[in-house]
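First comes the structure, then the notes that go with it.
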Amino acid sequence: MEGNRNEFFNEIIGNIDEIFVPDDLHSARRELQDGEISRTLERCFSVISESGKLLSGTTASALSHRKPLSASSLQLSVTSYLSRFLKRGVYDKIKRRQTRLDHNLFDVLWPAMRKTSKERHLEEDINCGIIAPDFDVFVVFQEFLVPLLKDMHCLSIDADFKPQPRLAYFPMDNGERLNTAAFVFDDESLLVTRCLVEVSRNLDQLELPLNLTIGQLEQAERLMMSKIFTTHFADAIGETDSGNYYTMTELLEPDSEVTMMLSSLGLMIPLLDTKDLVQAAESTAFNGALWPYGRGVFVNSANNLAVWLNCQEHLRIISTSSSKEPADMGAAYTRVGRAITYLETQLHFKESYLLGYLQSRPSYLGTGLKMTTIVKLTNLMKEMDNLRHLCSVRGLSMVTNRLSKLTVRLVNMQSMGVVEYVLFQDYCTAVTNILSLEKDMSLTNSKHIATMLVKIFKRKKNSIVDRN
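Here it is as C-alpha cells:
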C-alpha cells in the first residue's frame with residue numbers, strides 16, 4: 001500500500017478530474033458538505049478575485065517583463081498574487097475536494113485571509129499566503145498549486161516539473177565530495193549584520209506535526225533526539241561536546257532566558273502569542289491543538305546552530321554567522337550542510353520524485369533550503385520599488401521588517417529543481433551583486449558630495465574676493 005502511495009505522489013502532475021478518483025490514495029473521496037465552510041470559501045474566493053482586479057494597467061504590463069519571479073517582482077498584496085492562479089474555473093473544480101485527513105481548500109488558503117495578511121505585501125510572506133496542512137494537498141489541489149509552486153520557485157509555469165536532484169551540499173574535488181563550502185561576503189562597509197541558513201525535513205512515516213497525536217509527537221521527538229543528542233552528531237558538525245535541549249514549554253515561560261538567548265543569537269523562530277485570542281486560533285491552525293506539547297529545540301555547544309523539533313515541520317535546522325564574522329555565509333551554510341547530510345544517513349525523510357522534500361511551508365519544497373542575509377542598504381532602500389526589482393530579477397525575495405526600516409532580509413526564492421550547492425553559489429553571487437550596487441551608490445554619492453563641497457567653497461572664496 002505504501003509503495004502504491006509513493007508512486008502516486010511521483011505522478012503529482014497527473015489530472016484529478018473528479019471528486020472520487022479511481023485508485024486515489026490522497027483525497028477523502030467525498031465532497032465537502034459543511035455549508036459554513038463552503039460559504040467561507042466563497043467569501044475567500046471573492047476577496048482574492050477582487051484583489052486580482054487591481055492587477056491592471058501599469059501593474060499588468062510590468063508582469064510581462066519579469067522572469068518567472070512574479071512572487072516578488074512587484075509590490076503585490078498576497079491575495080492579488082494568488083488571484084493569478086486561483087481563477088474561477090480552477091476554483092470551481094477544486095472547491096469541494098478534501099484530502100484523506102479531511103483538509104479542504106480553506107485550510108490551504110487561510111493564512112492569506114488573516115487580517116494582517118490581506119493588505120500585506122508579498123515581500124513580507126515568502127510562502128505567498130498559503131500553507132500545506134498535510135502532504136496530500138499537493139495532489140488534491142494540484143490545478144491551483146502546481147503553477148503557483150512553479151512561479152514561487154522561479155520555474156517556468158509552462159514547463160513540466162523535472163525530478164528533484166539528490167542532496168549535494170558541497171563541491172566535488174578529484175571525484176570526491178568535500179564537506180566545506182567557504183564564502184565570506186566582501187563587506188568592508190559593514191553592510192551585512194547577519195547570515196542565516198535554514199533547512200527543514202519531515203519524517204517519512206508520520207504526518208505533519210499539526211496532525212499528530214500525543215504518542216506520535218513523543219515518538220518523533222524521541223527518534224530525532226536519539227540521533228541529534230549524540231557524539232556522532234557533534235562530530236558531524238565539527239564539535240566535541242553535545243549541546244542542550246529545551247522544551248517548548250520552557251521557551252514560552254514569561255521572560256524566558258532561553259528565548260532571549262536564542263533571539264540574541266538569531267536562532268529563534270517566529271512564535272505566536274497564544275494568550276491573544278486571534279493568535280491562539282492561528283497557532284492551533286498552524287500547529288494543532290496539542291501545542292506546545294512534544295516540541296523543543298536543541299542548541300549546539302557553540303550556540304551557532306539550533307534544531308527545532310515538531311514546529312510546523314518535524315525538523316528545522318538553523319545556523320547563523322558569528323558576531324565577529326557576520327558576513328561569513330559559508331560557515332553557516334557548511335554547518336547546516338554537515339548536520340543534514342549526517343541526519344540523512346540516520347533518518348528517513350518524506351520525499352517526492354518531483355517536489356523533493358515535502359514541507360508544510362511551500363517555499364521550502366525541493367531542497368528545504370533557505371539562506372538569508374540581513375543587510376543595511378542605506379542608499380538602495382531610499383527607492384524601495386527599485387530595490388525590490390533589483391532583488392527579484394536576481395532570484396531574491398526582499399523581506400521587509402515593519403518594526404525596523406534600517407535593514408532588509410535577502411532570501412533565495414528558489415529551493416526546488418537544483419542541488420543545494422548550486423543554490424548556494426547562485427545566492428552568494430546575487431547578494432554580492434546587490435552589495436556592490438550599494439557600495440557603488442555610496443561612492444557616487446560621496447563623489448557628488450565632494451563636488452558640491454568644492455563648489456560651495458569656490459563660491460565662498462569668490463564672494464570674499466568680491467567684497468575685498
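Take the sequence shown: its position 226, counting from 1, is numbered 226 in the UniProt record's numbering, and each next residue is one higher.
Virtual Cβ for every residue (Gly too), placed ideally from N, Cα, C.
Neighbourhood of residue i by C-beta distance below 7 Å, restricted to the same chain and skipping five residues each side
i    : result
G215 : none
L369 : V199, S415, E420 and L423
Pair within 8 Å by beta-carbon distance, residue i and residue j
i           : j    : result
Q359        : S242 : no
A28         : Q98  : yes
residue 474 : N386 : Coverage of the chain is limited to positions 1 through 468, which leaves residue 474 absent and any answer about it impossible.
V108        : I130 : yes
C266        : L217 : Rather than Cys, the amino acid found at residue 266 in this sequence is Gly. No, they are not a contact pair.
V197        : S319 : yes
R100        : H153 : no
L210        : N202 : no
F106        : L167 : no
Beta-carbon proximity list for residue i, same chain, < 6 Å, skipping 5 on both sides
i    : result
L396 : L410 and A430
Y91  : F45
R361 : N127
Alpha-carbon to alpha-carbon, residue j and residue i
i    : j    : result
P292 : I269 : 14 Å
F183 : I434 : 16 Å
V375 : K405 : 11 Å
M172 : L178 : 6 Å
L252 : T259 : 8 Å
I37  : I48  : 16 Å
D160 : A289 : 38 Å
L148 : L365 : 12 Å
T373 : R194 : 6 Å
H314 : G296 : 11 Å
I237 : V336 : 8 Å
F286 : S77  : 21 Å
D125 : T400 : 9 Å
Simplified DSSP assignment, three categories, for residue i
i    : result
T240 : coil
R335 : helix
V422 : helix
H232 : helix
V375 : strand
R66  : Low local confidence applies: a pLDDT of 41 at R66 is under 50, so the model's placement there is unreliable, with the coordinate-based value given in what follows. Three-state DSSP puts R66 in coil, outside helix and strand.
Y169 : coil
M398 : strand
S46  : helix
K405 : coil
V411 : strand
T274 : coil
T247 : strand
S27  : strand
S61  : Legend: pLDDT at S61 = 32, less than 50; position of this residue unreliable, no value from coordinates given.
T99  : strand
Neighbourhood of residue i by C-beta, 8 Å cutoff - its chain only, sequence neighbours within 5 removed
i    : result
E325 : V184 and A331
Margin query: Quick check for students: name the residue ranges of the beta strand (DSSP E) that lie wholly in the stretch 128 to 206, counting only runs of 3 or more.
Written below: 192 to 201
- Query: Which ranges would you report for the alpha helix (DSSP H) in the stretch 288 to 358 if only whole runs of at least 4 residues count?
  - Reply: 329 to 344
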